[in-house]
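**Student:** Numbering (the working numbering), first residue to last: 489 to 956.
Glycine included, C-beta positions come from ideal geometry on N, C-alpha and C.
Below is one structure. I have some questions about it.
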Amino acid sequence: MSVGEEVRTEQARQQQSLGTAAARNLATTTKSVPQMQEISSRWLLRMLPWVDVQGGTYRVNRRLTYAVGDGRMTFVKTGDRVEIIPAELGELPVLRSYEDEEVLAELASRCRQREIGAGQVIASFGSPADEVYLLAHGRVERVGTGPYGEDESLGVLADGAYFGEQALLGEDAIWEYTARTLTACTVLVLPREAVEQVAERSDTLREHLRRRLSVPGQRTNKYGEKEIDLAAGHSGEPDIPHTFVDYEARPREYELSVAQTVLRIHTRVADLYNQPMNQTEQQIRLTVEALKERQEHELVNNRDFGLLHNCEYDQRIQPHDGVPGPDDMDELLSRRRGTRLLLAHPRAIAAFGRELNRRGLVPETVDMGGNRIPTWRGVPIFPCNKIPVTQARTTSIIALRTGEEEQGVIGLRAAGIPDEIEPSLSVRFMGINEQAIVKYLVTAYYSAAVLVPDALGVLENVEIGRWR
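Following this line, the structure appears as C-alpha cells:
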C-alpha cells in the first residue's frame, strides 16, 4: 500500500460526528423504579378475610371438647438410635392427663426400636393386640375389610403417628385392621406387658389406669364435643330431655404478632437525589414489600399461629402413592365443607399437573384478577412459595375454609393504628440523629386464627421430584 493510500484510509477512520458515549452526557435517562426479586403473588394475604382486633387479642370460644393433645409423637434421634420424649406418651388415649415424669421416663425406656422393611405386615386383622407401635419414620397403611369382603384402605400414617393403642385396654384386645408398611419404617414398640410391670411398682400409674378403664367415657359427638341431649320422633307426652351447651373453660387466645424494622435514610440523599423519583417513597415501598413477604411466611410457618403448625392431627392426611394425585386431593377436600381455596408450592402444583396429565385429565381454570388459576373440583389452587420444601423433596398442600360466618380461618389485624399507611401497617417518623440520618419505624401487626379444627387441612409429605 502506498503512502497516499495510507493517509486516505486514516482520514476515513477519523470520527465524523458526535459519538453516542459523549452524547449520553447531555441526555435524560429513562429509569425504572427500583425492582425487587423477593416480591411474590402473596395469594394468602389477598384471599384471607381480615378481622380487626381490639386490644391486640382474639379469643376463640368453642363448645367444650374432650379430645386432648394433637395425636402426634415427637422423637429424638441420635445416630441410628431413636427415642421417644417421655412426655409425648401422654398422647396415647390411656395415658392422657398422666403427668408423673419419672414413670413416663421408665415407660419410654421400655420402648424397643425396630426396623421394618417396605411391604411388610406389622399386624394382621383379628390377631391379639399386645403391643403399641410408635412410628418414628416411614409410612404405614391401615387396611380393613370392606362391606363386600374386599380390602379397604383406612388411611396412611406417617412420622409421629401411633397405632395399636387398643393393646393397653385389656388382654382381649385384637387388631381391627391390618397394618402394612409402604416404605422402610423405624418404629418403637411398647408392649402391654411392660406397662403392666411398671404399673405394679407405681401406685399413681396403677390408679390412673384403673380410672381410665373403669369410668365410662363422657358422651360426645363425632367431633369430641359434649353431646346435646335431644328427643325426636316421639309422640304423646314423654319426658323431654334436659340439656345445656357447655363451653371451653380456657379458650384459646391469639395475640397479634409483630414484624418491624427501622428504615434509615440520609438527609443528603432525601434532599438532593429526589428527582425523578422520591427516594424516601421508594425506600419505604421496598421495605413494606419485604415486610409483607415476611408476614405471609409467618402466617404459614410460625409455630404459634402458622397454618402448618395449627392443623389438627385428624385433618392431616398422607398421599397414598407419595405424589399428589387426584384421589388425594379428593380426600383432602372431603374432610371439610365449603373449602374455599388450596395453597401449594409451585413445584407441588407442577407435580399435581403431571399426575393429571398421566391420567389424561385437564384441570379447569378460573380468572382471579387477570390471572388464570388452576382448580380442582372448583376450588382454586393458589401458588405459595412460603410452604417449605424439605431436603427429601417433599412439601405440603393446605386446604382452607375461610371467614367468621363459615367458622373458617381468618386473618387478624389492628386497623386504625397511628401513622397507618395500610390497615395494620404503619410508618412512624423517629427523628433525625446527629449523623443527619432520618429514621422511620415500619411496623406490621398480624396473626391468624382457626375457628374450628376442620376449617384447616393439610396433605403432608407430598413428593415433587418423581417423574414417570
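Below 7 Å, is the gap between the Cβ of residue 731 and the nearest heavy atom of the ligand SAM?
**Tutor:** The ligand SAM is not part of this structure, which contains no ligands at all.
**Student:** Please say whether residue 611 and residue 553 have beta carbons closer to each other than 8 Å?
**Tutor:** no
**Student:** Put residue 874 into one of helix, strand or coil per three-state DSSP.
**Tutor:** coil
**Student:** Could you tell me if residue 587 is buried or exposed, where buried requires 16 or more neighbouring beta carbons within 10 angstroms of its beta carbon?
**Tutor:** exposed
**Student:** Considering residue 978, what are the terminal residues of the beta strand (DSSP E) in which it resides?
**Tutor:** Given that the chain is displayed from residue 489 to residue 956, the structure contains no residue 978 and the question cannot be resolved.
**Student:** Could you tell me if residue 833 is buried or exposed, where buried requires 16 or more neighbouring beta carbons within 10 angstroms of its beta carbon?
**Tutor:** buried
**Student:** By DSSP, does residue 714 sit in helix, in strand, or in coil?
**Tutor:** Here residue 714 sits in strand by DSSP.
**Student:** What number of angstroms, rounded off, separates the C-alpha of residue 759 from the C-alpha of residue 768?
**Tutor:** 10 Å
**Student:** Report the rounded CA-to-CA distance for residue 556 versus residue 755, giving the unit in angstroms.
**Tutor:** Confidence in residue 556 is poor, its pLDDT being 49 and thus under 50, which makes the residue's placement too unreliable to answer from.
**Student:** Measuring only the C-alpha atoms, how far is residue 524 from residue 788?
**Tutor:** 22 Å
**Student:** Just checking my contact of residue 900 with residue 798 at CB under 8 Å: how many whole Å lie between their CB atoms?
**Tutor:** In fact, because the Cβ distance is near 13 Å, the residues do not count as touching under 8 Å.
**Student:** Mark residue 870 as exposed unless 16 or more other C-beta atoms lie within 10 angstroms of its C-beta, in which case mark it buried.
**Tutor:** buried
**Student:** Only counting the same chain, and skipping five residues up and downstream in sequence, which positions put a Cβ closer than 7 Å to that of residue 941?
**Tutor:** Excluding positions up to five away in sequence, the list reads 800, 803.
**Student:** Drop a sphere of 10 angstroms on the beta-carbon of residue 938, count the other beta-carbons inside from all chains shown, and report buried for 16 or more, exposed for fewer.
**Tutor:** buried
**Student:** Nearest by alpha-carbon distance to residue 528: which of 780, 826, 607 is it?
**Tutor:** Considering only alpha carbons, the answer is 780.
**Student:** Hey, residue 687 and residue 678: beta-carbon distance below 8 Å or not?
**Tutor:** no
**Student:** Count the other C-beta atoms from every protein chain shown that fall within 10 angstroms of the C-beta of residue 716, then say buried if there are 16 or more, exposed otherwise.
**Tutor:** exposed
**Student:** Taking C-beta to C-beta, are residue 786 and residue 812 nearer than 8 Å?
**Tutor:** no
**Student:** Helix or strand or just coil, what does DSSP make of residue 816?
**Tutor:** helix
**Student:** Kindly indicate which three-state DSSP category residue 802 falls into: helix, strand or coil?
**Tutor:** helix
**Student:** Is the beta carbon of residue 618 sitting closer than 8 Å to the one on residue 649?
**Tutor:** No, the Cβ-Cβ distance between residue 618 and residue 649 is not below 8 Å.
**Student:** Only counting the same chain, and skipping five residues up and downstream in sequence, which positions put a Cβ closer than 8 Å to that of residue 614?
**Tutor:** 662, 663
**Student:** By how many angstroms is the C-alpha of residue 893 removed from the C-alpha of residue 720?
**Tutor:** 28 Å
**Student:** Measuring alpha carbon to alpha carbon, tell me which residue in 876, 855, 872, 784 is nearest residue 866.
**Tutor:** Among 876, 855, 872, 784, the Cα nearest to that of residue 866 is on 855.
**Student:** Is DSSP giving residue 611 helix, strand or coil here?
**Tutor:** In the three-state scheme derived from DSSP, where H, G and I count as helix and E and B as strand, residue 611 is classed as strand.
**Student:** By the three-class DSSP mapping on this structure, what secondary structure does residue 508 have?
**Tutor:** Helix at residue 508.
**Student:** From the DSSP output, in three-state form, read off residue 556 for me.
**Tutor:** At residue 556, the pLDDT of 49 sits below 50, so the modelled position is not reliable; the number obtained from the coordinates is stated separately. Residue 556: coil per DSSP, three-state reduction.
**Student:** Skipping 5 residues on each side, what residues in its chain have a beta carbon closer than 8 Å to that of residue 745?
**Tutor:** So the qualifying residues of the chain are 786, 790, 792, 793, 933, 934, 935.
**Student:** Which residue marks the beginning of the alpha helix (DSSP H) containing residue 785, and which one marks its end?
**Tutor:** 767-789
**Student:** Using three-state DSSP, classify residue 651 as helix, strand or coil.
**Tutor:** strand
**Student:** Round the Cβ separation of residue 640 and residue 632 to the nearest angstrom and send it over; I've been treating them as touching at under 8 Å.
**Tutor:** Taking 8 Å as the upper bound for CB-CB distance, residue 640 and residue 632 are in contact here, some 5 Å apart.
**Student:** Name the two residues that bound the continuous beta strand (DSSP E) containing residue 571.
**Tutor:** 569-572
**Student:** Looking only at its chain, what residues have a beta carbon closer than 6 Å to the beta carbon of residue 546, apart from the 5 residues adjacent to it on each side?
**Tutor:** 742, 900, 937
**Student:** Among all the DSSP beta bridges, which residues are the ones paired with residue 644?
**Tutor:** 629
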